[in-house]
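For the sequence shown, the working numbering gives the first residue as 14, with consecutive numbering after it. Inspection log for the structure reproduced underneath, given as structure tokens.
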Amino acid sequence: SAFCLCENLTDINLPESLMVIGKCAFKHCEQLKSMILPDSLITLKANAFDYCSSLESIHIGKSLNIFNETYNFAYGCNSLKKITVSPLNRRFIVNNDTLYDKSRKTLIKIFNKTEYDTYVIPNWVDTIADFAFSGVSFNELIIKAPKLCNLDGDSIFAEKVYCVSNSSVEKYFLSEKMNVFPLPPTIEDFLNEISKNN
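Quick look at the structure:
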């Protein structure tokens with residue numbers, strides 16, 4: 014909690030020798046606008062940037078390898094518009110305003126979205142990190158990931174949800190009293206089905 018509740022802290026330059034950022038290190042630094050994690054940083058402990066409500070951008074250096082406590086990352090950072098990752102980082106990747114682990118099977122954090130957007134969870138995702146959707150709601154959420162099953166740890170809000178019929182995802186959103194619709198068939202899905210059968 015080194016800088017926790019430093020509500021007037023606007024920026025900070027972290028040294029290139031830094032290897033660990035501790036738990037709650039910048040929690041509630043409400044004026045902090047950007048964070049560059051140095052290439053030397055290996056471990057980011059839980060809740061490090063929680064409730065940094067003005068935080069707009071985070072850069073992840075090449076060595077970051079560990080998020081403590083199931084990737085709990087930037088909870089309550091509702092102004093977050095940009096996450097970049099060093100191309101030399103072997104653990105994380107950003108694609109379509111989403112931070113993933115390098116395999117893209119774990120969706121870690123969604124950013125730069127508004128309540129008017131449509132968001133697609135691709136079919137390769139099988140895990141969503143806790144609070145990946147914090148501070149984000151959607152007009153439409155399209156879930157193509159058939160193996161996705163761990164939605165209980167997050168609050169996902171959307172006007173309409175499209176997902177595979179009779180799936181655990183559908184059951185979850187119906188239990189949350191959300192508007193759920195079957196995933197519309199597409200040319201892509203049709204061609205994938207044909208290739209599987211041949």
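Virtual Cβ for every residue (Gly too), placed ideally from N, Cα, C. Bear in mind that the values here come from a model prediction, so they are computed numbers and not experimental data.
Opposing strand residues paired with residue i [DSSP bridges]
i: residue 188; result: Beta-bridge pairing links residue 188 to no other residue.
i: residue 114; result: 105
i: residue 88; result: Residue 88 is not bridged to any residue.
i: residue 140; result: 119
i: residue 182; result: DSSP lists no partner for residue 182.
i: residue 9; result: Any property of residue 9 remains undetermined from this structure, which presents the chain solely from 14 to 211.
i: residue 80; result: 57
N-terminal and C-terminal residue of the beta strand (DSSP E) that residue i is part of
i: residue 32; result: Where residue 32 is concerned, there is no enclosing beta strand (DSSP E), given that its DSSP letter is neither H nor E.
i: residue 72; result: 70-73
i: residue 153; result: 150-156
i: residue 176; result: 170-176
i: residue 47; result: 47-49
i: residue 120; result: 119-123
i: residue 132; result: 131-134
i: residue 25; result: Careful: residue 25 lies outside any beta strand (DSSP E) and carries neither H nor E.
i: residue 95; result: 95-98
i: residue 195; result: 193-195
Own chain, CB closer than 6 Å to residue i, minus 5 neighbours either side, in chain order
i: residue 34; result: 57 and 61
i: residue 20; result: 43
Cβ neighbours of residue i in the same chain (closer than 7 Å, five flanking residues each side left out)
i: residue 54; result: 31, 32, 34, 74, 76 and 77
i: residue 145; result: 120, 121, 122, 123 and 167
Other residues of its chain near residue i: CB distance less than 8 Å, five sequence neighbours each side excluded
i: residue 207; result: Confidence is the limiting factor: at residue 207 the pLDDT is only 49, short of 50, which leaves the residue's position unreliable and the question unanswerable from this model.
Residue i vs residue j beta-carbon contact at 9 Å
i: residue 79; j: residue 48; result: no
i: residue 140; j: residue 118; result: yes
i: residue 45; j: residue 18; result: no
Assumed close pair residue i, residue j - CB separation to whole angstroms, cut-off 8 Å
i: residue 66; j: residue 89; result: 7 Å
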